[in-house]
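Asks:
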DNA sequence: TCCGATAGTTAAGGGTTGAAACTATTATAG
DNA sequence: CTATAATAGTTTCAACCCTTAACTATCGGA
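Pasting the structure below:
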């Protein structure tokens, strides 16, 4: 047991007192932006984000977001009927449907994301550069510990 | 603009690619532990945790978790009817109801939390002590930036 | 050709959520 | 000492999310 078990405990406690509340705060900010202006839910916003970042299928989205495929499928369906995402069947392997953002979807994502970014910037701008570096490093390690392999 | 705007962007990007997936992973782990053994949902687990940490009213729980009072109220209700939480009216100010864990609630929380902790320990034990310190620091700053004031 | 794997969907059921309106109780202003 | 405002908490409601299980369609290899 390399890292002292005590310190591990404290880190886990810190996780619990930080991640859920912070995520709820960010989430409700996104919700108010996205819902009021575009009638888009937070989960749908997530999906738009991931599609732009290169996830082009339901399964990929499910893997990345660690959510079940049916959940993704339903959300994508909503986005397609809203005209934010297009779904085109692959010709070579017809099991695949390639998801792409439409022009409207891109515009929506740009708007909501830049508003959210601005809000997050305001929050984070209370910190020094070294603090940001610290957050960057900490999150990177957290991601590594939980998401890798 | 002290911290370079660029680095701020990168930090925000890192946030988005880390927090939601990590939280989903942890969430589904808790869900499978708590649901299968005790028929308790993740949100109810949260509430038990916070009550033990000293939140003894619906409003406090709502503030801490950044969730609406009605949502808390309903979840607490479920926990009371499951016998995990007791609700007693304050004699001096009868608007208040003090929430406490019952013996069963404490036992449940102990079990689920220790299982979750074990699982998280396994994940985090791939890291060095300095990495843990880094996570601890980063999360602390994140909490400060988003939750304070 | 048949069987197993893969992509995705549908169906059903339980939970969550926030807004708005409501009750009950206490504090405060006049 | 009332009228009013503030606070704690609940109920209702409508929309939503997620999971499991079962299903369709398609592909790939034995």
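Protein chains in written order, with the numbering used here: chain A, 1 to 149; chain B, 1 to 149.
Glycine residues also receive a C-beta, built at the ideal position from the N, C-alpha and C atoms.
From a predicted model like this one, the values you see are computed outputs, not experimental measurements.
Along chain A, which residues have their Cβ under 9 Å away from the Cβ of residue 101 of chain B?
Replies: The contacting residues do not exist; residue 101 of chain B stays about 17 Å from chain A at best.
Asks: Are at least three pairs of beta-carbons, each pair with one atom in the segment 38–52 of chain A and one in the segment 67–82 of chain A, less than 8 Å apart?
Replies: yes
Asks: By Cβ distance below 6 Å, which residues in the same chain neighbour residue 86 of chain A in space, the five residues on each side in sequence not counted?
Replies: 100, 102
Asks: Flag this pair as touching only if the segment 47–58 of chain B and the segment 117–124 of chain B have three or more C-beta atom pairs under 8 Å; answer yes or no.
Replies: no
Asks: Could you please tell me which residues of the segment 19–51 of chain A, in chain order, have their CB closer than 9 Å to any CB of chain B?
Replies: Listed in sequence order: 19, 20, 21, 22, 23, 24, 25, 26, 27, 28, 46, 49.
Asks: Give a yes or no on whether the C-beta atoms belonging to residue 146 of chain B and residue 144 of chain A are separated by under 7 Å.
Replies: No; because the gap between Cβ atoms is not below 7 Å, this pair is not in contact.
Asks: Helix, strand or coil: how does DSSP classify residue 28 of chain B here?
Replies: helix
Asks: Please classify residue 138 of chain A: is it buried, with 16 or more other beta-carbons within 10 angstroms of its beta-carbon, or exposed?
Replies: So residue 138 of chain A counts as buried.
Asks: Tell me which same chain residues have a C-beta within less than 7 Å of the C-beta of residue 33 of chain A, skipping the five on either side of it?
Replies: 112, 115, 116
Asks: For a test of the three-state rule: what should DSSP assign to residue 106 of chain B, helix, strand or coil?
Replies: helix
Asks: Residue 11 of chain B CB to nearest chain A CB: under 7 Å?
Replies: Interface flag for residue 11 of chain B against chain A is set, since a Cβ pair is found closer than 7 Å.
Asks: Rounded C-beta distance between residue 127 of chain A and residue 141 of chain B? I'm assuming under 8 Å.
Replies: 6 Å
Asks: Indicate the three-state DSSP secondary structure (helix, strand or coil) for residue 14 of chain A in the structure shown.
Replies: It is helical.
Asks: At 9 Å on the CB atoms, spell out the chain A contacts of residue 56 of chain B, in chain order.
Replies: Correct list: empty, because the minimum Cβ distance to chain A is about 17 Å.
Asks: Count the C-beta pairs between the segment 16–29 of chain A and the segment 89–97 of chain A that are closer than 8 Å, then say yes if the count reaches three, no if not.
Replies: no
Asks: Take the Cβ of residue 7 of chain B as the centre, count every other Cβ of all protein chains shown within 10 Å, and call the residue buried at 16 or more, exposed below.
Replies: exposed
Asks: Pull up the DSSP beta-bridge partners for residue 73 of chain B, would you.
Replies: Its beta-bridge partners do not exist; DSSP assigns none.
Asks: Which chain B residues sit within Cβ distance under 7 Å of residue 67 of chain A?
Replies: In chain order: 24.
Asks: Give the range of the beta strand (DSSP E) segment to which residue 52 of chain A is assigned.
Replies: That residue, residue 52 of chain A, is in no beta strand (DSSP E); its alpha helix (DSSP H) goes 42–52.
Asks: For residue 89 of chain B and chain A, any beta-carbon pair shorter than 7 Å?
Replies: So no, residue 89 of chain B is outside the interface.
Asks: In terms of alpha-carbon separation, which member of A/55, A/16, A/14, A/20 lies closest to residue 97 of chain A?
Replies: A/55
Asks: Buried or exposed, going by whether 16 or more other CB atoms sit within 10 Å of the CB of residue 18 of chain A?
Replies: buried
Asks: What residues match up with residue 88 of chain A in a beta bridge as DSSP calls it?
Replies: A/98
Asks: With a threshold of 16 other CB atoms inside 10 Å of the CB of residue 79 of chain A, please say whether the residue is buried or exposed.
Replies: buried
Asks: Using a Cβ-Cβ distance cut-off of 7 Å, determine whether residue 164 of chain B contacts chain A.
Replies: No answer is possible for residue 164 of chain B: the residues shown for chain B start at 1 and end at 149.
Asks: Within 7 Å (strictly less), CB to CB, does residue 94 of chain A reach chain B?
Replies: no
Asks: Inspect the beta-carbon positions of residue 135 of chain B and residue 35 of chain A and report whether they are closer than 7 Å.
Replies: no
Asks: On a CA-only basis, which of A/129, A/61, A/104 is nearest residue 38 of chain A? Give me that one, please.
Replies: A/104
Asks: Which residue wins for smallest C-alpha separation from residue 148 of chain A, given the options A/15, A/58, A/107, A/66?
Replies: A/66
Asks: Can you confirm whether residue 72 of chain A, when its beta carbon is compared against all beta carbons of chain B, has any partner nearer than 7 Å?
Replies: With 7 Å as the cut-off, residue 72 of chain A does not count as an interface residue toward chain B.
Asks: In its own chain, which residues sit with a C-beta less than 7 Å from the C-beta of residue 52 of chain A, not counting the 5 before and 5 after it?
Replies: 101, 109
Asks: What in chain A is Cβ-close to residue 134 of chain B, meaning under 9 Å?
Replies: Within chain A, the residues near residue 134 of chain B are 134, 137, 138, 140, 141.
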